[in-house]
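>
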Ligand SMILES: [Zn+2]
Ligand SMILES: [Zn+2]
């Protein structure tokens, strides 16, 4: 493990960079799991983000290029929302969908690579059968609170 000159703000002992056990957080239909998330850990097991920008960089990654790779439908209507297939434009099924997990390897700054899993419902097009999330926009809104729950579960705090 990489030794660092960082000291723990809570107990003033030296911290080292360590991969954490898997942790997850959920918000609505989205579940985010971090596997081997790198964090600074002191001998008293206080945990801190690897860098100050780390949570923001992770969110950018998840809500940006990770979620953008998912097949996504289009939303229409303000009061009564409808979701349409990105391939043929037909309506997507209105049920709960089928839960699916997508995983992404993430390398940020100089830190060791870790894995992010996104578990979310896929909805089938009623016409062509293509499976997709109902709306990218909606998933991106769920990402920050879901990730905040996961960070909290990992014992990571902003300070
Ligand atoms: Zn400490
Ligand atoms: Zn379709």
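Numbering (the working numbering), first residue to last: 111 to 269. For glycine and all other residues, C-beta sits at the position ideal for the given N, C-alpha and C. As the structure is a computational prediction, the values presented were derived from the model and not from experiment.
(1) For the alpha helix (DSSP H) containing residue 164, name the first residue and the last one.
(2) Alpha carbon to alpha carbon, how far is residue 201 from residue 188?
(3) Can you name, in chain order, every residue of its own chain whose Cβ lies under 7 Å from the Cβ of residue 182, other than the five neighbours on each side?
(4) Out of curiosity, what's the CA-to-CA distance linking residue 253 and residue 126?
(5) Would you tell me roughly how many angstroms separate the C-alpha atoms of residue 229 and residue 264, rounded to the nearest one?
(6) DSSP three-state label for residue 113, please.
(7) Does any heavy atom of ligand 2 sit closer than 6 Å to the C-beta of residue 121?
(8) Anything with a beta carbon under 6 Å from a heavy atom of ligand 2 counts; list them all in chain order.
(9) Considering only DSSP beta bridges, list what residue 208 is partnered with.
(10) Rounded to the nearest angstrom, what separates residue 134 and residue 257 at their Cα positions?
(11) Which residues mark the beginning and the end of the alpha helix (DSSP H) in which residue 197 is found?
(12) Comparing the CB of residue 270 with every heavy atom of ligand 1, is any distance shorter than 6 Å?
(13) Below 8 Å on the Cβ atoms is my guess for residue 248 versus residue 231; work out the distance and round it to an integer in Å.
(14) I need the straight-line Cα distance from residue 266 to residue 147, nearest angstrom please.
(15) Candidates 141, 124, 117, 128: which alpha carbon is nearest residue 260's?
Short version:
(1) Sequence index remark: in the chain shown, residue 164 carries index 54 (1-based). Counted as a single uninterrupted DSSP element, the alpha helix (DSSP H) harbouring residue 164 occupies residues 164-171.
(2) Within the chain shown, the letter at position 91 stands for residue 201. Within the chain shown, the letter at position 78 stands for residue 188. Residue 201 and residue 188 have their alpha carbons spaced roughly 16 Å apart.
(3) One-based indexing of the chain shown puts residue 182 at position 72. Cβ neighbours of residue 182 beyond the five flanking positions: 196, 242, 243, 245, 246.
(4) On the chain shown, residue 253 is found 143 positions in, with the first residue counted as 1. On the chain shown, residue 126 is found 16 positions in, with the first residue counted as 1. Roughly 28 Å separates the two Cα atoms.
(5) The residue you call residue 229 lines up with position 119 of the chain shown. The residue you call residue 264 lines up with position 154 of the chain shown. In a straight line, the C-alpha of residue 229 is about 18 Å away from that of residue 264.
(6) Here the question's residue 113 lines up with position 3 in the chain shown. In this prediction, residue 113 has a pLDDT of 48, which is less than 50 and means its spatial position is unreliable; nothing more can be read from the coordinates.
(7) Counting from one through the chain shown, the residue named residue 121 turns up at place 11. For ligand 2, not one heavy atom lies less than 6 Å from the Cβ of residue 121.
(8) That query returns the following residues: 195, 197, 198, 200, 235, 237, 238, 240.
(9) Looking up residue 208 in the chain shown gives position 98. 232.
(10) Start at 1 with the first residue of the chain shown, and residue 134 comes out as number 24. Start at 1 with the first residue of the chain shown, and residue 257 comes out as number 147. C-alpha separation (whole angstroms): 8 Å.
(11) One-based indexing of the chain shown puts residue 197 at position 87. Counting along the chain, residue 197 falls outside any alpha helix (DSSP H), and DSSP gives it neither H nor E.
(12) Look at the range of the chain in this structure, 111 to 269, and you will see that residue 270 is not part of it.
(13) Taking the first residue of the chain shown as position 1, residue 248 is located at position 138. Taking the first residue of the chain shown as position 1, residue 231 is located at position 121. Actually they do not touch by this definition, with Cβ atoms about 11 Å apart.
(14) As a first step, residue 266 is located in the chain shown; it is residue number 156 there, counting from the start. As a first step, residue 147 is located in the chain shown; it is residue number 37 there, counting from the start. Counting only the Cα atoms, residue 147 lies some 11 Å from residue 266.
(15) Your numbering for residue 260 matches position 150 in the chain shown. When only C-alpha atoms are compared, the closest one is 141.
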